[in-house]
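Novice: If you want the working numbering, it's the position in the sequence shown, counting the first as 1, plus 203.
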Amino acid sequence: MAEEKTEVEVLCEKLLINKKHSANFVDEAEFAKAMDYAEDYKKFLNDNKTEREVAGFVVAEAEKNGFVPFDKFRKYAPGDKVYYLNRNKAVILAVMGKKSVGEGVRIAAAHIDSPRLDLKPNPLYESNELALFKTRYYGGIKKYQWTAIPMSLHGVVILRDGTEVEVSVGEKEGEPQFVISDLLPHLSKEQDKRNLEGGITGEELNVIVGSLPFKADKGSELVKLNVLRLLNEKYGMTEEDFLTAELEIVPAAKVTDIGFDRSMLGGYGHDDRVCAYPEFTAILGLDEAPDYTAVAVLADKEETGSDGNTGLNSSYLKYFIADLARAEGLMAHDVLSKSKCLSADVNAAFDPTFPTPFEARNSSYLNKGIVVTKYTGGRGKGGTSDASAEFVGEVTRIFNNANVNWQMGELGAVDAGGGGTVAKYIANLDVDVIDVGVPVLSMHSPFELIAKLDVYMAHKAFSAFFKA
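#1: Taking the beta strand (DSSP E) that E329 falls in, what are its first and last residues?
#2: Do you know how far the Cα of E491 is from the Cα of F270?
#3: Three Cβ pairs or more, each shorter than 8 Å: is that satisfied between the region 465–477 and the region 277–292?
#4: Since V636 and A590 should fall inside the 8 Å C-beta cutoff, what is the C-beta to C-beta distance between them, to a whole number of angstroms?
#5: Should R309 and F602 be called a contact, given that it needs their Cβ atoms to be closer than 8 Å?
#6: Can you tell me the Cβ-Cβ gap for Y328 and L335, rounded? I've got them flagged as a contact below 8 Å.
#7: Starting from the N-terminal side, write out each stretch of the alpha helix (DSSP H) that is 4 residues or longer and does not extend beyond the region 522–587.
#8: How about the region 528–538 and the region 548–557: do they share at least three Cβ pairs that are nearer than 8 Å?
#9: With 16 as the cutoff for other CB atoms within 10 Å, does K255 come out buried or exposed?
#10: Can at least three beta-carbon pairs, one atom from the region 450–468 and one from the region 241–253, be found at a separation below 8 Å?
#11: For the alpha helix (DSSP H) that contains A479, what are its first and last residues?
#12: Taking the alpha carbon of A616 as the reference point, which residue from T587, F561, V574 and G596 has its own alpha carbon closest?
#13: Could you spell out the range, first to last residue, of the beta strand (DSSP E) harbouring F336?
#14: Starting from T209, trace the beta strand (DSSP E) in both directions and tell me its first and last residue.
#15: Could you have a look at F228 and say whether DSSP puts it in helix, strand or coil?
#16: Using a Cβ-Cβ cut-off of 8 Å (strictly less than) and excluding sequence neighbours within five positions of R582, which residues of its own chain qualify?
#17: Quick check on the burial criterion: 16 or more other C-beta atoms within 10 angstroms. Buried or exposed for E199?
#18: Is there a Cβ of chain D sitting closer than 8 Å to that of G377, yes or no?
#19: Where does S423 land, buried or exposed, given buried means 16+ other C-beta within 10 angstroms?
#20: Closer than 8 Å is the cut-off here; do at least three beta carbon pairs connect the region 394–404 with the region 333–352?
#21: Could I get the ranges of all uninterrupted beta strand (DSSP E) runs contained in the region 587–645, with 3 residues as the minimum, in chain order?
#22: In this structure, what does DSSP give as the bridge partners for E449?
#23: Roughly how many angstroms lie between the CA atoms of E369 and S566, to the nearest whole one?
#24: Does the distance from the CB of N606 to the CB of G572 come in under 8 Å?
#25: When the Cα atoms are used, what is the spatial distance from S371 to L428?
#26: DSSP puts E651 in a beta bridge; with which residues?
#27: Provide the residue span of the alpha helix (DSSP H) that contains V430, from first to last.
#28: Going by the CB atoms, is the gap between L362 and G439 shorter than 8 Å?
#29: By Cβ distance below 6 Å, which residues in the same chain neighbour D385 in space, the five residues on each side in sequence not counted?
#30: Taking the straight line between their C-alpha atoms, what separation do you get for K504 and T624?
#31: What do you reckon, are the CB atoms on L652 and R476 nearer than 8 Å?
#32: What are the residues that DSSP puts in a beta bridge with H314?
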C-alpha cells in the first residue's frame, strides 16, 4: 500500500520546479528509440563536416522523401513538400499546411556551419623542407585547442577552366591526415609566458602537409612542388587554383560514445548540427499536411555573424516567405507578422569543473532535455532577441503536451560574456522567436560533448512545434 504524501510533499510537487533527468522521463521503449536516434545522428556528423556537405546531404535525403525544388511561380497544395538550396551552403525546406500562409507559418532555424580553419587564398609554402598551409580561423575558437590533433581537408576547387572539383582528404580509412605542430614542454619556456588566449597565435596555425621533395637534382621549394604534383595528379590543380578555392581544415576524429554508460557523444560539429539534424528529421517526419506551413531553415555563416548571402542577416528567408505569400495574393509582411519561430542553437551546459562563469540556478544541464533560452546576448541583454512571456508560455505548453523534457537556461552568468544566435535577425522581420537548443560541453572546441537523450528531445520538440 502506497504511503500517503505529506503536506510538504504535496506542496513541493505542486509549487516547485522539479526538472527530471531525461533517463527518468522516458520509459524503456522510448529510451531505446533515443539511443537508435543517436546512432543515426552520429553517422550524419561523421559523414558531413562542412556546411556544403550538410546542404548536399539534406537535399539528397529530402528528395528521397518527396521534396522537390521550390518553384516560386507555382501555387502549392496542403502536404506538398519543397526545398530551396541557396548557393550549395544553406537550405530551406517547407511542408505546405492546411491553413493559408496568411495565418502565419511555423519556422525552425538552425545553422550548419561550425568553427574551423579556412585556407588562406595563397596557402601553400615551404619552410625548412616542410610543406605547410597558411590558415585563417573561422568563428570563435581557442586556438591552442587546434594543435597536435589529426585534421582533414574538405571543400571545393574551381579550376581555371571552370570545372568544380570536390576535395575530401583524411576521413576514409587509409587516407593521409594533417596536423598543426606545437612546442614540446622542454623548449616552451618563452611560449609558456604567454597568456592562454595568446598561447598560439592565428599566424601559428600552420598545417603540415608534406615533407618529401620532388626527385630532382636542382631546384628550390621541392617539397612544395611535390605536394603540388600530387594535387595536380588527383584533382587537376595548380597553385593558382587555390585562389578560387574554398578549402576547410576540420578535425578528423570520428564521433564516439563517451562514458562507461555510453550516454554522451563526443565529436566535432555539435554546434550547431545537433540542432540542425533534429530539425531536419522533424520536418522529414511530417507525413501529413500540418495545420500551418512548416519551414525548416538550415543557414550558413552564423559563426561569423550571419552576414553574407547565405547567412540569416541576408534576405533569402524573407524572399522565400514573400514567394509563398504572393501565391496567395498576399505580401510578405502579412505572413511574417503572424509567424512563429524556434531559433535552434546550442547553449552552454553547466560545467562542474569550471563553475565560475555560470549561474547555477539559471544554467542548462546535460540530460535535462532541450534548453529554452528566453534571451541571449551579453551583460545588459545586448545584441539579442527577448521572447515575450506569451510566446514562452505557448512554446513550453507545446513541449509539455508532447511529453518533451525541457529546461530553461541562460548563456552564463550576467557579466561573464555571452553570445548571440540567429534569433534577432528573424525577430527583426516581425516574427515571434525564442531560442531552443541542446546543451553542449566544450563548445567551439574540436571535440564537443552532448547527451544522447538531449538530441532526441530536440527532435521531439521540433516535431511537436511543426504539428502544433
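Cβ coordinates follow ideal geometry from the N, Cα and C atoms, glycine included.
These numbers come from a predicted model, not from an experiment.
Specialist: Taking the geometry as given:
#1: Locating residue 329 in the sequence shown gives position 126, counting from the first residue. Unbroken beta strand (DSSP E) run through E329: R319 to S330.
#2: Here residue 270 corresponds to residue number 67 of the sequence shown, with the count starting at 1. Here residue 491 corresponds to residue number 288 of the sequence shown, with the count starting at 1. Cα-Cα distance, rounded: 13 Å.
#3: no
#4: Reading the sequence shown from its first residue, position 433 is the one you call residue 636. Reading the sequence shown from its first residue, position 387 is the one you call residue 590. Going by Cβ atoms, the distance from V636 to A590 rounds to 6 Å, so yes, they are a contact pair.
#5: Taking the sequence shown and counting its residues from 1, the one referred to as residue 309 is at position 106. Taking the sequence shown and counting its residues from 1, the one referred to as residue 602 is at position 399. Cβ atoms of R309 and F602: not closer than 8 Å.
#6: Position 125 of the sequence shown, counted from the first residue, corresponds to residue 328. Position 132 of the sequence shown, counted from the first residue, corresponds to residue 335. Correct: roughly 6 Å between the Cβ atoms.
#7: 535–539
#8: no
#9: Indexing the sequence shown from 1 puts residue 255 at position 52. As written in the sequence, residue 255 is Arg, which differs from the Lys given in the question. Looking at its Cβ environment, which holds 16 or more other Cβ atoms inside 10 Å, R255 is buried.
#10: yes
#11: Against the sequence shown, residue 479 aligns to sequence position 276. Its alpha helix (DSSP H) spans residues H473 to L487.
#12: Locating residue 616 in the sequence shown gives position 413, counting from the first residue. With distances taken between Cα atoms, A616 lies closest to F561.
#13: The sequence position of residue 336 within the sequence shown is 133, counting from 1. L333 to Y341 is the extent of the beta strand (DSSP E) around F336.
#14: Locating residue 209 in the sequence shown gives position 6, counting from the first residue. Premise fails: T209 is in no beta strand (DSSP E) and is neither H nor E.
#15: Locating residue 228 in the sequence shown gives position 25, where the first residue counts as 1. F228 falls in the coil class under three-state DSSP.
#16: Residue 582 sits at position 379 when you count from the first residue of the sequence shown. Answer for R582: V617, D618 and G621, listed in chain order.
#17: Examination of residue 199 is not possible in this model, given that the chain is present from 204 through 671 alone.
#18: This model lacks chain D altogether, as it is built from one protein chain only.
#19: Within the sequence shown, numbered from 1, the residue matching residue 423 stands at position 220. Counting Cβ neighbours within 10 Å, S423 comes out exposed, since fewer than 16 surround it.
#20: yes
#21: 609–611 and 635–640
#22: Taking the first residue of the sequence shown as position 1, residue 449 is located at position 246. Paired residues: V359.
#23: For the purposes of this step, residue 369 is taken as residue 166 along the sequence shown, with counting starting at 1. For the purposes of this step, residue 566 is taken as residue 363 along the sequence shown, with counting starting at 1. Their backbone Cα atoms lie some 41 Å apart in a straight line.
#24: Indexing the sequence shown from 1 puts residue 606 at position 403. Indexing the sequence shown from 1 puts residue 572 at position 369. Cβ distance not < 8 Å, so N606 and G572 don't count as in contact.
#25: Residue mapping note: residue 371 aligns to position 168 of the sequence shown, counting from 1. Residue mapping note: residue 428 aligns to position 225 of the sequence shown, counting from 1. When rounded, the distance between both Cα atoms is 20 Å.
#26: Your numbering for residue 651 matches position 448 in the sequence shown. Per DSSP, G470.
#27: In the sequence shown, counting from the first residue as 1, residue 430 sits at position 227. Where V430 is concerned, the enclosing alpha helix (DSSP H) stretches over L425 to Y438.
#28: Residue 439 sits at position 236 when you count from the first residue of the sequence shown. Residue 362 sits at position 159 when you count from the first residue of the sequence shown. In contact: G439 and L362 (Cβ atoms closer than 8 Å).
#29: Position 182 of the sequence shown, counted from the start, is the residue given in the question as residue 385. Once the five neighbours on either side are set aside, the close Cβ partners of D385 are T350 and A351.
#30: By one-based count along the sequence shown, residue 504 stands at place 301. By one-based count along the sequence shown, residue 624 stands at place 421. Straight-line Cα distance between these residues: approximately 11 Å.
#31: Start at 1 with the first residue of the sequence shown, and residue 652 comes out as number 449. Start at 1 with the first residue of the sequence shown, and residue 476 comes out as number 273. Cβ distance not < 8 Å, so L652 and R476 don't count as in contact.
#32: Within the sequence shown, numbered from 1, the residue matching residue 314 stands at position 111. H314 is bridged to A502.
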